[in-house]
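Q: Please see the structure below; I have some questions.
Protein chains in written order, with the working numbering: chain A, 244 to 538; chain B, 244 to 538.
As C-alpha cells, then:
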C-alpha cells in the first residue's frame, strides 16, 4: 500500500490505539492525529507515542487526514461522523470499528452526505480483557478477522485503502453486506452476550442468589464471563442490531424448547443425539483452543 | 478422624482416584481397594499407586471396607449400589459423588435396603479439563465444596464419617436436603450446560454454520466451552434432575423474554438496568477469578 501522510484516529482506546501502533509498525503512515473526548486518554496516547499529535475535534483531525478511523462506542458514532463531515477533505476515506453495521451505514449516509461514497463500514473482531489506550498493542489484529461491509455507493478505491490498512495490521479481511454481518454477529456474539446477562440477571433476582452463586463452579464461570462486559456497550449493540437479534432470540428459544421437550419426555437418545452433534462441532471448532479473549 | 482400615473406591477415575490420593496423603486410610469395569483403568490405578489392591466386583470390595465411595457416572450408580449391597458389612458406610441427589437417594433406598441408613449422598464440586485416573491429583478437593444430603433415615455417625473424610481431603462440606441440592445445581450448572449445548446445536443446524463459527470469537468460545462436555453425562444429569431442570428452563425463558421485550421496545434504560445488575453481580462473584476448570 502507499504510505499515508496522515491518519486520524477518533477514540484512542484499545482498538484505535492498537490500529495506530500497528500502522506505524508497518511503516504505513507518517503522522497519526488522535482525538478523544477524554482529555486524559488523549494525553496518555501522546505520552505513549501512540499518536503524534492531539486534535481538539474530529473535524480538525479529519481536515488533515487521508484516512479517518472512528473507533468510539456505537452510540457515539453518529455525532462523531457529523463532526468528521465538517472537516473532511475531498479525497479522504472514513472507516469505523463498530460491532454493528447496518445502523452505522444508515447513520453515515445521513451524516456524511457526499462523503458517504468514501465511508467504508468496518468491524475488527479483536479485543482484550483490558481496555483503554494503555492496553493498546501493535499486534492486536495479527491473525484477527476484520469485516468490511461496503455499500453499492462505496468507492472501490476507498474499500481498497481500508482493506490495505487492516492487512498492514496483520488482519484477514472479509467483505460482505451489512445485513449479513449483522445476522452473523447477532448469532455468534450479540445473542450469547444477551443470554449470559439474562442468566446472571435471573439468578440475582432471587432471594437465595448468594447461596446459588456460592455453589457455582467453572462451567458457570465461563458461561457467564461475558456478563461482566460493559452494560452500556451491549445495550447499544442490542438496540442497534435489534431486528437480527430478535430473530436470533426466537430461533434460540425454539431450540431450547426442543431440548426442554426431550427432557420433559425423558427422551435420552434424542438428547444425546443433539448434545453429541453440538459437542462434536464445538470440539472441531478451531477457535475453541485460542487463549486470547477477543470479542 | 479415626484412621480407616480399608476404603473401597468404585470407579477409579478423576474423582475416585483423587479421593484415594487425598485420603492417603492425609494419613486417613491404611488400604485402598479399587474397582472399575474398565480393567485398564484399574491396572493403571494400581500402577500409579492410587489403589493398593484391585477387586473384581463392588461387592467384593465392599465386603472388606469401612467406607465405600461410588464415583461412577450417574446412570451406573444404581447397578453399582445393587452390587455393593451384596457384600456390605454391618458397619460400613457408603457415599457417592453423583451430580444429582434426589434420584440417587431413591435408587439407594431401593438397592441398599437395610444399608440405606449408612448411605450418605454426596457431591464434590470439583473437576479438571482432563479425566481418568491419570488426571487424579491429591489436591483436587483442596478448598473445593462438597455437598452432603443426608436423609432423616441416615445415621448421624455415617454422615460424620463421610464429612471427616472430605475434610481430610481439604474440602469445605455443606449439608442440605437433596431437593435443595438439585434446585441449586439445576440453576448454576445443569441449566448453563443445557443452554450451551442448545446454542451450538442451533448454530450447527444451519446451512451456514461453518461461516458463523468462522466469525465466532472469545465470547462465544467461553460461553460454549461446556458444550464440549460429555453428552452421555449431561444427558443423564438432565434426565436425573428433570423436574428441577424444567423449572429452571422456564424461569430462564421468562427472563430472556423480559430482555427480548426490552430489545423489541427499544428500552435502553431498562436493558441497561438489568445488564448492570448482572454485570455487578458477576464482577463481585469471587468464583469469577478462579482459573481452575471445575464442575
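Glycine residues also receive a C-beta, built at the ideal position from the N, C-alpha and C atoms.
Every value quoted in this text rests on a predicted model; they were computed, and no experiment measured them.
Strictly under 7 Å for the Cβ-Cβ distance: is residue 531 of chain A near chain B by that measure?
A: yes
Q: With 7 Å set as the bound, which would you pick, yes or no: does the beta-carbon of residue 469 of chain B sit closer than that to a beta-carbon of chain A?
A: yes
Q: Exposed or buried, which one is residue 364 of chain B when buried takes at least 16 other CB atoms within 10 Å?
A: buried
Q: Please give the ranges of any beta strand (DSSP E) in the stretch 255-297 of chain B, keeping only runs that are unbroken, at least 3 residues long and fully inside the region.
A: 272-278
Q: Can you give, in chain order, each stretch of the beta strand (DSSP E) that sits fully within the stretch 326-373 of chain B and has at least 3 residues?
A: As summarised for the stretch 326-373 of chain B, the continuous beta strand (DSSP E) elements at least 3 residues long and confined to that stretch are 336-339, 365-368, given in chain order.
Q: For my contact list, residue 379 of chain B and residue 260 of chain B are in at a C-beta cut-off of 8 Å; report their separation, rounded to the angstrom.
A: 3 Å
Q: Could you check how far apart the C-beta atoms of residue 521 of chain B and residue 444 of chain A are, in whole angstroms? I think they sit under 8 Å.
A: Correct: roughly 4 Å between the Cβ atoms.
Q: Count the other CB atoms, across all protein chains shown, that sit within 10 Å of the CB of residue 255 of chain B; report buried if there are 16 or more and exposed otherwise.
A: buried
Q: Quick check on residue 392 of chain A - is its C-beta less than 7 Å from some C-beta in chain B?
A: no
Q: What are the residues in the stretch 345-363 of chain B lying within 8 Å of chain A by C-beta distance?
A: none
Q: Going along the stretch 507-532 of chain B in order, which residues come within less than 7 Å of chain A, judged by CB to CB distance?
A: 507, 509, 511, 514, 515, 517, 518, 519, 520, 521, 522, 524, 525, 526, 528, 530, 531
Q: Chain B partners of residue 475 of chain A, CB-CB under 8 Å?
A: 515
Q: Relative to the C-alpha of residue 325 of chain B, which candidate in B:399, B:349, B:420 has its C-alpha closest?
A: The candidate whose alpha carbon is nearest that of residue 325 of chain B is B:349.
Q: Three-state secondary structure (DSSP) at residue 251 of chain B?
A: strand
Q: Evaluate residue 309 of chain A with the Cβ neighbour count: other Cβ atoms within 10 Å of its Cβ, from every protein chain shown; 16 or more gives buried, anything less gives exposed.
A: buried
Q: Taking only beta carbons into account, state which residues of the stretch 443-460 of chain A come closer than 9 Å to chain B, listed in chain order.
A: 443, 444, 445, 446, 447, 448, 449, 451, 452, 454, 455, 456, 457, 458, 459, 460
Q: Let's test the definition: count the other Cβ atoms within 10 Å of the Cβ of residue 344 of chain A and tell me whether it reaches 16, buried, or not, exposed.
A: Around the Cβ of residue 344 of chain A, a 10 Å sphere holds 16 or more other Cβ atoms; the residue is buried.
Q: Does the contact criterion of 3 or more C-beta pairs under 8 Å hold for the stretch 420-437 of chain A versus the stretch 397-416 of chain B?
A: no
Q: Does any residue of chain B bring its CB to less than 7 Å from the CB of residue 315 of chain A?
A: no
Q: At least one CB of chain B closer than 7 Å to the CB of residue 209 of chain A: is that the case?
A: This structure cannot speak to residue 209 of chain A, because chain A is shown only from 244 to 538.
Q: Whole angstroms is fine: what's the gap from residue 499 of chain A's alpha carbon to residue 342 of chain A's?
A: Note on geometry: alpha-carbon atoms of residue 499 of chain A and residue 342 of chain A lie some 26 Å from one another.
Q: Could you work out which residues of chain A lie near residue 432 of chain B, taking near to mean beta carbons separated by less than 7 Å?
A: Close partners of residue 432 of chain B in chain A (Cβ separation under 7 Å): 460, 462, 463.
Q: I'd like to know whether the C-beta of residue 294 of chain B is nearer than 7 Å to at least one C-beta of chain A.
A: At a cut-off of 7 Å between beta-carbon atoms, residue 294 of chain B makes no contact with chain A.
Q: I want to verify the contact list: residues of chain B whose CB lies under 9 Å from the CB of residue 496 of chain A, in sequence order.
A: At a beta-carbon threshold of 9 Å, the residues of chain B lying near residue 496 of chain A are 496, 499, 500, 503, ordered along the chain.
Q: Given a threshold of 16 other Cβ atoms within 10 Å of its Cβ, counted over all protein chains shown, does residue 249 of chain B qualify as buried or as exposed?
A: buried
Q: Which term fits residue 432 of chain A, buried or exposed, when burial requires 16 or more other beta carbons within 10 angstroms of its beta carbon?
A: buried
Q: Are residue 312 of chain A and residue 296 of chain A closer than 7 Å when you measure CB to CB?
A: no
Q: Grouping DSSP H, G and I as helix and E and B as strand, with all else coil, what is residue 246 of chain B?
A: Coil, per DSSP.
Q: Quick check on the burial criterion: 16 or more other C-beta atoms within 10 angstroms. Buried or exposed for residue 292 of chain B?
A: exposed
Q: Is it true that the CB of residue 417 of chain A sits closer than 7 Å to the CB of residue 390 of chain A?
A: Their beta carbons are under 7 Å apart, which means residue 390 of chain A touches residue 417 of chain A by this criterion.
Q: To the nearest angstrom, report how far apart residue 244 of chain B and residue 384 of chain B are at their CA atoms.
A: 17 Å
Q: What are the boundary residues of the alpha helix (DSSP H) that includes residue 486 of chain B?
A: 485-508
Q: Leaving out five residues before and five after residue 547 of chain B in sequence, what residues of the same chain have Cβ atoms less than 8 Å from its Cβ?
A: Missing from the structure shown is residue 547 of chain B; chain B here goes from 244 to 538 and no further.
Q: Which residue marks the beginning of the beta strand (DSSP E) containing residue 317 of chain A, and which one marks its end?
A: Looking at the DSSP string, residue 317 of chain A is not in any beta strand (DSSP E), and its letter there is neither H nor E.
Q: Taking a contact to mean a Cβ-Cβ separation below 7 Å, would you say residue 277 of chain B touches residue 269 of chain B in this structure?
A: no
Q: Would you kindly work out how many angstroms separate the C-alpha atoms of residue 474 of chain A and residue 481 of chain B, rounded to a whole number?
A: 32 Å
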